[in-house]
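Residue numbers (our numbering): 223 to 321.
Even for Gly, the Cβ is constructed at its ideal location relative to N, Cα and C.
Below is one structure, written out as structure tokens; comments come after it.
Pasting the structure below:
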């Protein structure tokens with residue numbers, strides 16, 4: 223009986239530890255890509271008009287989706303990395319969160 227209880231406790235510990243490293247959803251990956259695109263465009267074109275900014279954001283989203291940092295986002299990025307990236311104030315800081 224003690225042996226079984228020990229195995230159950232061990233299994234619960236393993237499961238709870240793996241839950242601490244929860245991966246993000248595709249929606250959260252899209253949020254990161256949008257945030258990254260916004261940061262890149264506003265840094266590069268601080269005086270651009272709304273139409274130009276939106277066009278450039280679309281372009282940067284496409285570029286970001288092909289980058290290694292975002293390509294396999296849903297299977298590699300953890301919740302804490304997502305939270306860090308969403309708080310980032312520069313593209314470089316966001317990418318550093320994903321390292």
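DSSP state of residue i mapped onto helix, strand, coil
i: residue 244; result: coil
i: residue 237; result: In this prediction, residue 237 has a pLDDT of 46, which is less than 50 and means its spatial position is unreliable; what the coordinates show is noted afterwards. The answer is helix: DSSP assigns residue 237 an H, G or I state.
Beta-carbon proximity of residue i to residue j, cut-off 9 angstroms
i: residue 278; j: residue 263; result: yes
i: residue 308; j: residue 275; result: no
i: residue 310; j: residue 267; result: no
i: residue 286; j: residue 245; result: no
i: residue 295; j: residue 306; result: no
i: residue 327; j: residue 283; result: Summary: the structure shown does not reach residue 327, with the chain confined to residues 223 through 321, and so no result is reported for it.
Span of the alpha helix (DSSP H) around residue i
i: residue 277; result: 272-288
i: residue 311; result: Segment: none, residue 311 is in no alpha helix (DSSP H) and carries neither H nor E.
Cβ separation of residue i and residue j, assumed to be a contact under 8 angstroms, to the nearest whole Å
i: residue 250; j: residue 304; result: 5 angstroms
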